[in-house]
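Residue numbers (the UniProt record's numbering): 1 to 301. Glycine is no exception: its CB is placed at the ideal position from the N, C-alpha and C atoms.
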Amino acid sequence: MSAEERAAVRGMMQKAELGRTPQEQRAGFDELFASRPLGDDVTLADRTLGGVPALDVRVKGADAEGVILYLHGGSYVVGSARTGANLAAPLSRRSGVPAISLDYRLAPEHRFPAAVHDALAAYKELVESGQNVVIAGDSAGGGLGVATMVAARAEGLPQPAGAVLLSPWTDLALTSPSMDGRGDDDPLFSRANMAESAEHYMGGADPRNELASPVLANLKGLPPLLVQVGTAEVLLDDSLRLVARAAEQDVDVSLDVVAGAPHVYQYFAGLLPEADEALDHAATFIKTRLAAAKTRSGAAG
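Below, the structure written as structure tokens:
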């Protein structure tokens, strides 16, 4: 990333103005995402999945078999299925696979483990309908994706074909070294506002619970993972630690690290070449994993 690109992106991210009441944070977050159009080839349709509100993200021509279950970011406090569509749509467009963006419940109105329960219920309905699924998510949604897979394993559900995790928040105890070491580089997050969000979500519960901080979970048996992260973010080590733990536990895991890139830099596709490259890699991963799942299903049948 050039210095000019970093400055432009930093200015856009600072418009979110996090750090006020949850309601004000949500308004700022929604404004940030609304500034980037989805594209004329995208339509959104309300639905429910496992009793949870969601959006069908319909991209013209994205009609391949399988489905992307997208879990939006927002520190478990802000965001929505609509903000998630800003990343679900380009993943769907580039992979040709339909996407669903989930409107899981938010804190502090709905504390841990409400988000996990919602994501698991949605995933369970997809699996029980015979769908091959790739879970994708950014930031809190990335951590929630890992927690959903851990919870699915505990319930005896089959694992998804794979998971795409964009700058996942995997340690709500905030013990990653980059939480302090990268604070000056991150235009959006700091230890202080991450701690506030963690408290909103956990409400006094132990943040070391594996469904809150899946970097501490037993990851054995999880499907192939693709993790993407930038170096200019406080959550850098949440990704690096997750990848190391997954590899130690024999999970097939791939890691993309982009020097100088901010939190969830994929959002800036069309502005940052690295963002377009990341989405292309993620789309290829999605297609490959769903093709492998289809082959396995055919062999089993």
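Going by DSSP in three states, residue i sits in which element: helix, strand or coil?
| i | result |
| --- | --- |
| T83 | helix |
| T170 | coil |
| Q25 | helix |
| Q249 | coil |
| S254 | strand |
| P37 | coil |
| A212 | coil |
| P53 | strand |
| R241 | helix |
| V264 | coil |
| T295 | helix |
| R289 | helix |
| G96 | coil |
| Y104 | coil |
| V77 | coil |
| G230 | strand |
| L235 | coil |
Under a Cβ-count criterion, where at least 16 other Cβ atoms within 10 Å of its own Cβ denotes burial, should residue i be classed as buried or exposed?
| i | result |
| --- | --- |
| P214 | buried |
| R94 | buried |
| Q228 | buried |
| E31 | exposed |
| S176 | buried |
| A45 | exposed |
| T148 | buried |
| Q23 | exposed |
| P37 | exposed |
Cβ atoms of residue j and residue i: under 7 Å apart, would you say?
| i | j | result |
| --- | --- | --- |
| S178 | S139 | no |
| V67 | F29 | no |
| D238 | W169 | yes |
| A198 | P207 | yes |
| P262 | P223 | no |
| A269 | L255 | no |
| P113 | L211 | yes |
| R47 | D41 | no |
| G181 | S190 | no |
| Y201 | Y76 | yes |
| A217 | V150 | yes |
| L219 | A246 | yes |
Measure how close the beta-carbons of residue i and residue j come, nearest whole angstrom, since I'm counting them as under 8 Å.
| i | j | result |
| --- | --- | --- |
| Q127 | P98 | At residue 127 the sequence reads Val, which differs from the Gln that was named. At roughly 16 Å, the Cβ-Cβ gap does not stay under 8 Å, so V127 and P98 are not in contact. |
| V264 | E274 | V264 to E274, Cβ: 12 Å. No contact. |
| A121 | G50 | 3 Å |
| L165 | L226 | 7 Å |
| G260 | T231 | 6 Å |
| G203 | R296 | Rounded, the Cβ-Cβ distance is 40 Å, inconsistent with contact. |
Using C-beta distances below 6 Å, list every residue in its chain close to residue i, excluding the 5 sequence neighbours before and after it, in chain order.
| i | result |
| --- | --- |
| G84 | Y70, H72, S101 |
| R58 | T43 |
| V146 | P214 |
| G162 | V134, P223, P224, R289 |
| D171 | S213, V215, D238 |
| G221 | R153 |
| E125 | L49, G50 |
| G141 | L71, H72, G73 |
| G156 | none |
| P108 | H200 |
Please check if any C-beta of chain B sits within less than 7 Å of the C-beta of residue i.
| i | result |
| --- | --- |
| A173 | The chain inventory of the structure shown lacks chain B, comprising one protein chain alone. |
What residues in its chain sit with their C-beta under 8 Å from that of residue i, if we drop five residues either side in the sequence?
| i | result |
| --- | --- |
| K287 | A64, S95, G96, V97 |
Return the chain-ordered list of same chain residues with a C-beta closer than 7 Å to the C-beta of residue i, the five sequence neighbours on each side being excluded.
| i | result |
| --- | --- |
| L174 | R191, M194, A195, A198 |
| A54 | R47, T48, A81, I100, S101, L102, D103, A122 |
| V251 | L219, L222, L225 |
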